[in-house]
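Comments concern the structure below.
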Amino acid sequence: VTWEGLMFALQSSAERGALVYEATLQRVLETVLASQATASLYFISLHDTSNRQMRNDGAIVVERPSRSRLPSLASFSNLGNATAEADVDAVTTPGHELRRIARAWVSAFGAPNSAVNFNHPYKGGHEIRRWSSWLSTNCKGRRSCNTFQVEFERAALVGDQVDQTLRLPGAEWPEVEASHVAHVAERLKSAGHLVRSGWDGTADAKEVDSERVSIVLSAKAKEDTREVSV
7 VTWEGLMFAL QSSAERGALV YEATLQRVLE TVLASQATAS LYFISLHDTS
57 NRQMRNDGAI VVERPSRSRL PSLASFSNLG NATAEADVDA VTTPGHELRR
107 IARAWVSAFG APNSAVNFNH PYKGGHEIRR WSSWLSTNCK GRRSCNTFQV
157 EFERAALVGD QVDQTLRLPG AEWPEVEASH VAHVAERLKS AGHLVRSGWD
207 GTADAKEVDS ERVSIVLSAK AKEDTREVSV
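Encoded structure:
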């Protein structure tokens, strides 16, 4: 294997995968912006990871150190600090707005406030930097265009049954817990309704009606590598 051959393989793979994803995402955004000329837009970069790593026998049971752990539901990132305000970099969503969004998710999932945090252990990366910059140029005339990352703790997505199975030795991914997936989807829908309504956490969430707004979910799947702790 030569360096030239390796670079060719990487470029060929990118042209069939990552670059296709990026081009498709841009077309979707352009279509949304063209069809919704004045509505607010939220670009959400969805990710997930586990608070545990894999043992050599395949059991995902090795706890990450506290500095690397996610809260039980998700971390919201806008390149800011622990309160979602600007730190070194300019934030991609105003702090007060990201806190409002997080409150909506906490309410929709019936979770405690401790189930979410901001910019820890991840502050957000390439994707929200890139698309925040792109949207700042292409979102003229709108009420707002916000970009942020949501990093789920994986157990919240897969459910207790799958999570318990993953703690056992083995190499296979367990069967999807369909009822839990449906529950998560319904809770996300409810959170979206609260965000679109302008809900600030002071009214009864069950009585809130939603207004029309554009939301683009960038569900950028992470390949599960079953990380090994050594």
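Taking the working numbering, the leading residue of the sequence shown gets 7, the next gets one more, and so forth. We treat Cβ as the ideally placed atom computed from N, Cα and C, and that holds for glycine.
Beta-carbon proximity check, residue i vs residue j, cutoff 8 Å
i, j, result
"Arg73", "Val67", "no"
"Ser120", "Pro77", "yes"
"Thr89", "Phe124", "yes"
"Arg173", "Ala65", "yes"
"Leu141", "Phe49", "yes"
Pick from the options that is closest to residue i, judged by C-alpha positions
i, options, result
"Val201", "Arg136, Glu21, Ala24, Leu104", "Leu104"
"Leu194", "Tyr128, Val156, Arg148, Glu28", "Val156"
"Trp6", "Ala117, Thr99, Ala43", "A query on residue 6 cannot be resolved here, the shown segment of the chain reaching from 7 to 236 and no further."
Simplified DSSP state of residue i, which is helix, strand or coil
i, result
"Val182", "coil"
"Thr8", "coil"
"Asp215", "The predicted position of Asp215 is uncertain, since its pLDDT is 48 and thus under 50; a value taken from the coordinates is nonetheless stated next. Coil."
"Ser46", "coil"
"Leu174", "coil"
"Phe14", "helix"
"Val122", "strand"
"Ala117", "coil"
"Gly23", "coil"
"Val156", "strand"
"Leu39", "helix"
"Ser150", "coil"
Neighbour flag for residue i against chain D, beta carbons, 8 Å
i, result
"His102", "No chain D is part of this structure, which consists of one protein chain only."
Residue i - containing alpha helix (DSSP H), residue span
i, result
"Arg160", "160-164"
"Arg135", "132-144"
Extent of the continuous beta strand (DSSP E) run through residue i
i, result
"Glu69", "66-69"
"Val81", "The question names Val, but residue 81 is Ser in the sequence shown. Start and end: 80-83."
"Arg75", "Element bounds for Arg75: n/a, residue is neither H nor E."
Do the segment 101-115 and the segment 78-92 make contact, defined as three or more Cβ pairs closer than 8 Å?
yes
With three or more C-beta pairs closer than 8 Å as the rule, is the segment 50-65 touching the segment 110-118?
The answer is no - the segment 50-65 does not touch the segment 110-118, with fewer than three Cβ pairs under 8 Å.
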